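First to last, the protein sequences are chains S and C.
What the first sequence shows, in this note's numbering, is residues 281 to 454, in sequence order.
What the second sequence shows, in this note's numbering, is residues 11 to 145, in sequence order.
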Amino acid sequence: MTEKGSAATLAPSRRGFIAGAAALGLSGASTLTKAAANDAAVASQPWFEAYLAAFNRADEAGYSAYYADDVQFFGQAAQVTGRQAVVDFYRGVRKHLNERVDLLTYVGDPAGAHALAVLRTTLVAHTDWPDMPTGPLKAGDRRESVNFVMYDIKDGRFTRVRSARFSPQKGRSA
Amino acid sequence: MTQEERFRSYIASFNAQDWDALVRHYSPDVHLVIGNGTQMIGHDAIVTFYKKVNQQTRRIIQVRNVFTDGKRLVAELESEFVALIDAPDFTSGPLKKGDRIHINSFALYEYVGDLYTNIRAAVFRREFLPVSEAS
């Protein structure tokens, strides 16, 4: 995955995002419009919202540009190290379900070294997934949770991502 | 005093079990939700809850990190509870005298002026160290 690797080594700034889009052969006004959001200062809410927007549209180059090469990722369903490992994890997840993350509260460290986001995650399974790490899912099942996610940031990228469950999972079966 | 300094003073009050000093950091109708989902509203509810916790355990909180954006404050906390007595009704689950719990949590404080109005915490890591396995 050479292309993804080269795009992902770019910082999540406007210039980096555009260069990353070029490396992936992406073009067009929509990409540049999305990139403009990344003019925001590191750890500011607009900067973070651009990350979430990329994640929600499954824009792997866009969201993974926020990760350091050796990011430590402690999610609710997986603990992995490395940018590509995180992308691979979510790619696998999306084979089974649609995931949407909504920002409820955000606090960025003015020094740009940390951020805390309160996130509501909504999962809707489109296939049966009996081995889902946080509990089996059947196609059509919907699951919702609220998590506090702490981001350690260095040089404009996440070096560590840690998710702590705030609310119990709510959901309904199909 | 900066918000960060005020927060460290607040945690020092917790560790000293100085309830009068503690509640001076809260608005009268402060709303607190701790990592196990327990909700408390107001000074009396919080003090009553933590007095019981401190009768059952010795609790020390360390501040690993704290930052604020001017409206809210975030803290990463490490807490250690050591059971002083058998506590079958302890808030995080039954404890036997000598059992330990380590909790790494993220807490979010909303404040108005110098008073916390809304506090929520979520547990990132919880480690139970039973006395039977102590070295």
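Backbone N, C-alpha and C fix where the C-beta goes; we use that ideal spot for every residue, glycine too.
Small disclaimer: the values here were computed from a predicted structure and weren't measured.
message: For a test of the three-state rule: what should DSSP assign to S:Leu332, helix, strand or coil?
response: helix
query: Whole beta strand (DSSP E) runs in the region 18-99 of chain C with 3 or more residues, listed along the chain?
result: 36-43, 49-51, 67-78, 82-93
query: With a CB to CB cut of under 6 angstroms and the five nearest residues on each side skipped, what residues in its chain are close to S:Ser324?
result: Gly388
field: Sequence-distant residues of the same chain with beta carbon closer than 8 angstroms to C:Phe59, five excluded per side
entry: Thr48, Met50, Thr101
field: DSSP state of S:Arg371 mapped onto helix, strand, coil
entry: helix
9 angstroms Cβ cut-off: residues of chain C touching S:Asp435: In chain order: nothing, as chain C lies at least about 18 angstroms away.
message: Our contact map puts C:Arg74 next to C:Glu90 with C-beta atoms below 8 angstroms; I'd like the distance itself, whole angstroms only.
response: The Cβ separation is near 13 angstroms, so there is no contact.
message: For a cutoff of 8 angstroms on Cβ pairs, would you count C:Phe116 as touching chain S?
response: yes
task: Specify the secondary structure class of S:Gly342 as computed by DSSP and reduced to three states.
output: helix
- prompt: Is DSSP giving S:Asp421 helix, strand or coil here?
  reply: Here S:Asp421 sits in coil by DSSP.
query: Looking at S:Ser344 and S:Val367, is the spacing between their C-beta atoms short of 8 angstroms?
result: yes
query: Using DSSP with H/G/I as helix, E/B as strand and the rest coil, what is C:Val141?
result: For C:Val141, the three-state secondary structure derived from DSSP is helix.
- request: Evaluate C:His112 with the Cβ neighbour count: other Cβ atoms within 10 Å of its Cβ, from every protein chain shown; 16 or more gives buried, anything less gives exposed.
  value: exposed
- request: Find the nearest neighbour of S:Ala393 within the set C:Gly80, C:Lys107, C:Val76, judged by alpha-carbon distance.
  value: Answer by Cα proximity: C:Val76.
- request: Alpha carbon to alpha carbon, how far is C:Phe134 from C:Arg110? Give it in angstroms, no decimals.
  value: 17 angstroms
Residues within the region 67-78 of chain C neighbouring chain S, beta-carbon criterion of under 7 angstroms: Asn75, Phe77
task: Could you spell out the range, first to last residue, of the beta strand (DSSP E) harbouring S:Asp349?
output: 347-354
- prompt: Taking Cβ positions, are C:Gln27 and C:Thr78 nearer each other than 8 angstroms?
  reply: no
- prompt: Given 8 angstroms as the limit, is there contact between the region 326-344 of chain S and the region 122-130 of chain C, that is, 3 or more CB pairs closer than that?
  reply: no
query: Grouping DSSP H, G and I as helix and E and B as strand, with all else coil, what is S:Arg337?
result: coil
- prompt: So is S:Asn378 in contact with chain C if we call contact Cβ pairs under 8 angstroms?
  reply: no
message: Just to make sure I have the definition right: I need the residues of chain S whose C-beta is within less than 7 angstroms of the C-beta of C:Arg34. Which are they?
response: Neighbours of C:Arg34 on chain S: none; closest Cβ ~24 angstroms, over 7 angstroms.
query: Does DSSP classify S:Val322 as helix, strand or coil?
result: DSSP places S:Val322 in coil when its eight states are reduced to three.
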